[in-house]
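There are 2 protein chains.
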Amino acid sequence: MYTLAEENYLKAIFHLEHETTGEVSTNAIAESMETKPSSVTDMVQKLAEKKMLVYKRYKGAQLTEKGRKIAASVIRKHRLWEVFLVEKLKFHWDEVHDIAEQLEHIQSDELITRLDKFLGSPDFDPHGDPIPDKHGVLKRTEKKLLSELEKNQKGVCVGVKESNSDFLQYLDKKKISIGTKITVRGKEFFDGSMVILVGKDQFFISKMVAENLFVQTL
Amino acid sequence: MYTLAEENYLKAIFHLEHETTGEVSTNAIAESMETKPSSVTDMVQKLAEKKMLVYKRYKGAQLTEKGRKIAASVIRKHRLWEVFLVEKLKFHWDEVHDIAEQLEHIQSDELITRLDKFLGSPDFDPHGDPIPDKHGVLKRTEKKLLSELEKNQKGVCVGVKESNSDFLQYLDKKKISIGTKITVRGKEFFDGSMVILVGKDQFFISKMVAENLFVQTL
DNA sequence: TAAGTATTTTAGACATGTCTAAAATTATTA
DNA sequence: TAATAATTTTAGACATGTCTAAAATACTTA
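Chain order of the listed sequences is A and B. So the first sequence is numbered by full-length UniProt numbering: it starts at 1 and just counts up by one. So the second sequence is numbered by full-length UniProt numbering: it starts at 1 and just counts up by one.
Structure, rendered in structure tokens:
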């Protein structure tokens, strides 16, 4: 269908478009892909010929609807595979990126349909990023750090900011994982610590923990 | 690690070595890979430089220990993924080859270690072919058609010869799947039909069925 | 064993995607 | 706004893996 290089370029440009506004520059693409600007120019011209993006010399690139859909489908596959690796194969959240980077290029619609079903049609990947649906629609989501919530606000845990084994084990112990509902019961000004409700358990967490957990506000 | 083309050549040669004896000819490789003999010559020379096989002009190729191990690891991955697709994603046995053909090239030892464990370290793929172990050792197995067994012999179902939906549904109904133990209770000369024991159920099967089921004799 | 046939290799070309070095364009700032 | 700096593109080369056409070698058989 599409080559590996094509998919990687479209994916990179898709991400860059979400970080800034307007056209994406050659240099920005080169940097994010760890390649040279001259290579990017070549490739972007080819993608423009294939109507996957619009390109004007010296002005940068912008995905077309076609290009956007291809990129979203690759990202959907990436994130679904990450869920598989963490939920089923018990990888840690920080070990799965490179493997998903390969798995995202497997070509089979039926495979992804079945994988999605097998995983229970998850909405978020293990890093808390939303999974585009099969039409390439990405729910614009309010992903916040737990530390940004105020007293009495609720959120669903959707991921961690930086993951390390100790922190993940701490979360395990506290029975916090993706999908866990968290309610803020109290918040201290001076040190940013919180008291939160998880299930029926209420406990204290430090600022460090609150600043490392992503939640989806409810 | 190794390129896609390298892995595919080694795999094809590995299979051909098991079908005949001695060196594998350029033409045979070309035919099995649906490519041209001239392309094979080029590639085989490169693989010889990398010590993955031994090659003499006009005399064909033979895998070295190194090449054999790489090939076996690719085949191991292919067959483990096939088990995953059938057992976990509920694909039919005849739908999984093309997808496994892509998945077999994913590079990550840890992934395969975990996948193997997740699947319960299976010994056979859904077609009844043995899965090489992590050291590339392939159990030489006595895969036979059920029709070749005599009265009172036992076997474990390891796959089907030709699979079609109707036949797979028939097996489902009779509670026969990979790993199922089958005992031959009777065999008729004139039409090749059999009476077999599956679990606690004893029933009649036609020659057509007996000639389409692979078993591992016990 | 010589001639004809089949197999295999070589030579040269091509497609994809990358790179370096140099040229062109755009942006900055004095 | 002219000079300088930064960005971007072009030109030409290279690596991988493929192909066709032609040459070399091996196999068959009369």
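The beta-carbon is built from N, C-alpha and C at its ideal position, and this holds for glycine as well.
- In this structure residue 153 of chain B touches residue 184 of chain B by the C-beta definition: roughly 5 angstroms separates them, less than 8 angstroms.
- Looking at the backbone, the Cα of residue 24 of chain B and that of residue 36 of chain B are separated by about 15 angstroms.
- Contacts with chain A at 8 angstroms (Cβ-Cβ) do not include residue 29 of chain B.
- The C-alpha of residue 17 of chain A lies about 36 angstroms from the C-alpha of residue 187 of chain A.
- For the set A:128, A:142, A:55 and A:73, the Cα lying nearest the Cα of residue 94 of chain A is the one of A:128.
- Beta-bridge partners of residue 190 of chain A (DSSP): none assigned.
- As summarised for the region 105-180 of chain A, the continuous alpha helix (DSSP H) elements at least 4 residues long and confined to that stretch are 109-118 and 165-173, given in chain order.
- Residue 175 of chain A and residue 200 of chain A have their C-alpha atoms spaced approximately 11 angstroms apart.
- Counting C-beta pairs with one atom in each stretch, the region 117-134 of chain B and the region 75-85 of chain B have three or more that are closer than 8 angstroms, which means they touch.
- The region 102-113 of chain B makes contact with the region 82-101 of chain A: 3 or more CB pairs, one atom from each, lie closer than 8 angstroms.
- At least 8 angstroms separates the CB of residue 165 of chain A from every CB of chain B.
- Minimum Cα-Cα distance from residue 210 of chain A among the listed residues A:179, A:150 and A:139 corresponds to A:150.
- Interface flag for residue 89 of chain A against chain B is set, since a Cβ pair is found closer than 8 angstroms.
- The criterion of a C-beta distance shorter than 8 angstroms is satisfied by residue 216 of chain B and residue 141 of chain B.
- Taking a Cβ-Cβ cut-off of 8 angstroms, the neighbours of residue 118 of chain A in chain B comprise 88 and 89, given in sequence order.
- Rounded to the nearest angstrom, the gap between the Cα atoms of residue 50 of chain B and residue 67 of chain B is 9 angstroms.
- When the beta-carbon positions are compared, residue 160 of chain A and residue 212 of chain A come within less than 8 angstroms of each other.
- At a C-beta separation below 7 angstroms, residue 103 of chain A has these neighbours in chain B: 106.
- Of the residues assessed, residue 177 of chain A falls on the exposed side of the cut-off, its CB having fewer than 16 other CB atoms within 10 angstroms.
- Pairing residue 82 of chain A with residue 120 of chain B, the inter-Cα distance amounts to about 21 angstroms.
- The beta carbon of residue 91 of chain A sits closer than 6 angstroms to those of 85, all from its chain and outside the five residues before and after it, given in chain order.
- Residue 64 of chain B sits in coil when the DSSP states are folded into three classes, being neither helix nor strand.
- Here DSSP, grouped into helix, strand and coil, assigns residue 24 of chain B to strand.
- Proximity of residue 114 of chain A to chain B, defined by a Cβ-Cβ separation below 8 angstroms, is satisfied.
- At a Cβ-Cβ threshold of 8 angstroms, residue 193 of chain A and residue 173 of chain A do not count as neighbours.
- When A:214, A:20 and A:33 are compared, the shortest CA-CA separation from residue 9 of chain A is found for A:33.
- Within chain B, the residues 106, 107, 108, 110 and 111 have their CB atoms less than 9 angstroms from the CB of residue 99 of chain A, given in chain order.
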